[in-house]
Structure formats: C-alpha cells, structure tokens
Amino acid sequence: MRRLLSLLTAFAFVGLTAAYAGEVKPFSDSKEIDLLTILPPPPANDSAQTKAEIGEVLTLQVTRTPEMVARAQADAEENVWRFADVLGPDFNKDKLPKLAAFFDRVVETEGAVVDPAKDVFKRPRPHQLSELVKPAVKPSNSGAWPSGHTTVGTLMGIVLSNMVPEKKAEIMARAWEYGNNRIVGGIHYRSDVEMGRISGSVIAATIMKHDDFKAEYEPAKAELRAALGLGGA
C-alpha cells in the first residue's frame, strides 16, 4: 500500500509539473507595463462623452449590415489567424507551428498586462449602462477600459507587419478593423478602442526589446516568410 501511494504521488507530481511546463508564458505583465500610469481614467458614466459614445453604438446597431455583424462576430476570436484574409491561405496554424507558439505568448501578454488595469478602471460596457444596447457578439462583464481585443489586435498587427513589411499597410488596416469591430459589435465604446491601440503599441515597443522575444521572433519570422514565398528581410 505504501508503495502504491508513493507511485500515485510521483505520478501526480509529474502530471502537475508537465501541466505547469505547458503553460503559455507571457513576454511581460502589468508589473513591467503598468497601464494605470500610462492611460488616463475613463470618462464618467454620466459624462457627455460617454453618452455620445453610447449614441454611436446605438446608431451602429441599426445601421450595421449582416456582413458587418459577421465580421465583428468572427473577430471576437483572439488569435493571429484572423489576419489570414490579408496574408493568404498559407497563413495557418498547421503550416506555421513556430509562429503559432510565438503568437500564443504574444496573446497571453495582452491579458497579463491589460486585465489588471481593467479591474481597477472598472468602466461598464455599453450594454451595462443602456438597456437599449444589444451586443451582436457574446456579452462580457469585464471592464471596458481599455479594449483587450483592440490591444491584442494592435499588438499582433505591429509584430506581423515587422515580419512582413511588404504588407504593413494592409496588416495595420486589418488590425484597425479588428478593434473597430468591437464598436460594431456593441461591446465597446470608441474611446476603449483608442486606449487599446495605445496599450497594444506600448506593449509591442516594450517586449520587442526582450531577449526571449527576439529569440522566438526570428525563427517564427523565417518560417512565415518561407511559407509565404518571401525572401529574407
């Protein structure tokens, strides 16, 4: 019995160690990038700005087309493969394992930096302030300021455009649409999106200086450019 317990304990330890080792580690966090010292506080709930921004969301609610809604719903997914409509069919997870692992860390970095700030700012979402707002995407009750989706979209866009500078304009335009679709979807105010773009830019500028980022960036970039039929850059 004692031997069995020892074996079970050993297996449990190995399992926990493997699970921990498999966790995606962000390139940075809120201790290094403190958005509370970078971003201004959000507008008050009863401010003229917030009321105007709710008005914009409500206007979009009655003017958005089914195609716009479909794009907003698809962009609710937080991963780099949403840029495939710019980079083409060869831009996919199966063909780019190094890039996939690298961007898993990039995406994880957004949450590690943004979520603590959201918890402090605590800006209500449009649908939480106005019962007239009916989000076209899955509702969220986390803080709205800044937009996490916009942050990660901007961050991914900046990194991708550095890897493929030939398509920088198209990639960044797609990143901007990714953020704007949070307004189309009725889940964010425009100023949340603006703060997300600032946040994504700050995170990108910070992590690109890290040695571990550089070590994973170069092989991921080489893999991507080879898959797209591009030479070295």
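According to mature numbering (1 follows the signal peptide of the UniProt record, and there is no 0), the stretch in the sequence shown is residues -21 to -1, 1 to 212, in order.
Note that CB positions come from ideal geometry on N, CA and C, so glycine has one too.
Just measuring C-alpha positions, the residue of K193, P19, M142, W155 sitting nearest A96 is P19.
Annotation for K30: the continuous alpha helix (DSSP H) segment containing it runs 27 to 42. Secondary structure remark: continuous alpha helix (DSSP H) runs of at least 4 residues inside the stretch 66 to 114, in chain order: 76 to 100, 105 to 108. Fully enclosed alpha helix (DSSP H) runs of no fewer than 4 residues occupy 127 to 142, 147 to 163 of the stretch 109 to 171, in order along the chain. A Cβ-Cβ separation of about 20 Å leaves V138 out of contact with N159 under the 8 Å criterion.
Taking C-beta atoms as the reference points, A91 and L134 fail to come closer than 8 Å.
DSSP places F192 inside the alpha helix (DSSP H), whose first and last residues are 190 to 206. Rounded to whole angstroms, A199 and K147 show a C-alpha spacing of 17 Å. Two segments are said to touch when three or more pairs of C-beta atoms, one from each, lie closer than 8 Å; by this definition the stretch 67 to 81 touches the stretch 199 to 208. Distance check between E110 and each of E11, Q40, S9, R161 places Q40 closest, using alpha-carbon atoms only. Nearest to F81 by C-alpha distance, out of A154, M142, M151, I150, is M142.
Contact check for I166 against T88 fails: the beta carbons are separated by 8 Å or more. Nearest to E57 by alpha-carbon distance, out of G127, L15, E46, is G127. Taking K74 as the centre and dropping the five residues before and after it, the same chain places the C-beta of A206 closer than 6 Å to its C-beta, in chain order. Cα atoms of D190 and S7: separation of roughly 12 Å, rounded to the nearest angstrom.
Collapsing the DSSP output to three states places P20 in coil. Residue R84 holds the alpha-carbon nearest to the alpha-carbon of A194 among S26, R84, V36, A49. In the DSSP annotation of this structure, E11 is not part of any alpha helix (DSSP H), being labelled neither H nor E. Taking the C-beta atoms as reference points, R153 is found no nearer than 8 Å to I162.
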